[in-house]
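Novice: Please see the structure below; I have some questions.
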Amino acid sequence: MYIAQQKKQENIAEYVLYMFQIEDVIRAYQFNVDQILEQYVKPQFPDESYLNQYREWYQGLVRSMQSQRIEKSGHVSEVLEVLVELSYLHNTLINITKDQKYLQLFEAAMPFIDEFKDKSNLKDKNIIEIAFNALYMKLLLRLQKKEISAETEEAFDAMRILLAYLAKVFHQMRNGTFDFSQN
18 MYIAQQKKQE NIAEYVLYMF QIEDVIRAYQ FNVDQILEQY VKPQFPDESY LNQYREWYQG
78 LVRSMQSQRI EKSGHVSEVL EVLVELSYLH NTLINITKDQ KYLQLFEAAM PFIDEFKDKS
138 NLKDKNIIEI AFNALYMKLL LRLQKKEISA ETEEAFDAMR ILLAYLAKVF HQMRNGTFDF
198 SQN
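Letter by letter, the sequence shown follows residues 18 to 200 in our numbering.
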């Protein structure tokens, strides 16, 4: 809960990946908030003074996931809204401001995004959501202690750098410090 809030304020890309993980945690515990708190939250945050706030947060996510019918897969609307905003910003940087740095990063990442799209079931998703799913897959591979080849690591890095730049511009835009006319 607090981690999500902090990530949302500081690094929107980390927030999206964190929320992907939390959604999967909820699914893994079959939407049982008591088990999530006991087996997942308490070992990480032994200070029980925040337990009721975590309970409310997880209960809210469970309700959202169930009401939005994403029990098996998909993302809560709040995360999807962020992905849409990032996609709009991506399109703005490419087509309107023609941000040269972003265009270079995008050109470097695009072959890997296309390859990941071809190998996944994400063919109906936009480029930004595909890149986030690829990075989430990397996180899952690391958690499973699976080896990642140098070529795959290169692909992940290209997408990570693209999304890091996009996240930086997103926060600058939100703070009013990004000048779209200067790119």
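C-beta: ideal position from N, C-alpha, C; glycine also.
Computed from a predicted structure; not experimentally measured.
1) In whole angstroms, what separates the C-alpha of Phe133 from that of Gln121?
2) With distances taken from CA atoms, which of Phe173, Lys185, Phe37 and Phe187 is nearest Glu16?
3) Exposed or buried, what is Leu160 when buried is set at 16 or more other beta-carbons lying within 10 Å of its beta-carbon?
4) How is Gln161 classed by DSSP in three states: helix, strand or coil?
5) On the DSSP letters alone, give me the boundaries of the alpha helix (DSSP H) that Thr169 sits inside.
6) Report yes if the CB atom of Glu146 is closer than 9 Å to the CB atom of Ser104, and no otherwise.
7) When you compare only the Cα positions, how much space is there between Lys142 and Glu73?
Specialist: Inspection of the coordinates gives the following:
1) For the purposes of this step, residue 133 is identified with residue 116 of the sequence shown, where counting begins at 1. For the purposes of this step, residue 121 is identified with residue 104 of the sequence shown, where counting begins at 1. In a straight line, the C-alpha of Phe133 is about 19 Å away from that of Gln121.
2) The structure shown does not extend to residue 16, since the chain is modelled only from 18 through 200, so no value can be given for it.
3) Within the sequence shown, numbered from 1, the residue matching residue 160 stands at position 143. Exposed, because fewer than 16 other Cβ atoms sit within 10 Å of the Cβ of Leu160.
4) Counted from its first residue, the sequence shown places residue 161 at position 144. The answer is coil: DSSP assigns Gln161 none of H, G, I, E or B.
5) Sequence index remark: in the sequence shown, residue 169 carries index 152 (1-based). It spans Ala167 to Asn192 - the alpha helix (DSSP H) in which Thr169 sits, taken as one unbroken run.
6) On the sequence shown, position 129 is the one that residue 146 refers to. On the sequence shown, position 87 is the one that residue 104 refers to. Cβ distance < 9 Å, so Glu146 and Ser104 count as in contact.
7) For the purposes of this step, residue 142 is taken as the residue at position 125 of the sequence shown. For the purposes of this step, residue 73 is taken as the residue at position 56 of the sequence shown. For Lys142 and Glu73, the distance between alpha carbons rounds to 31 Å.
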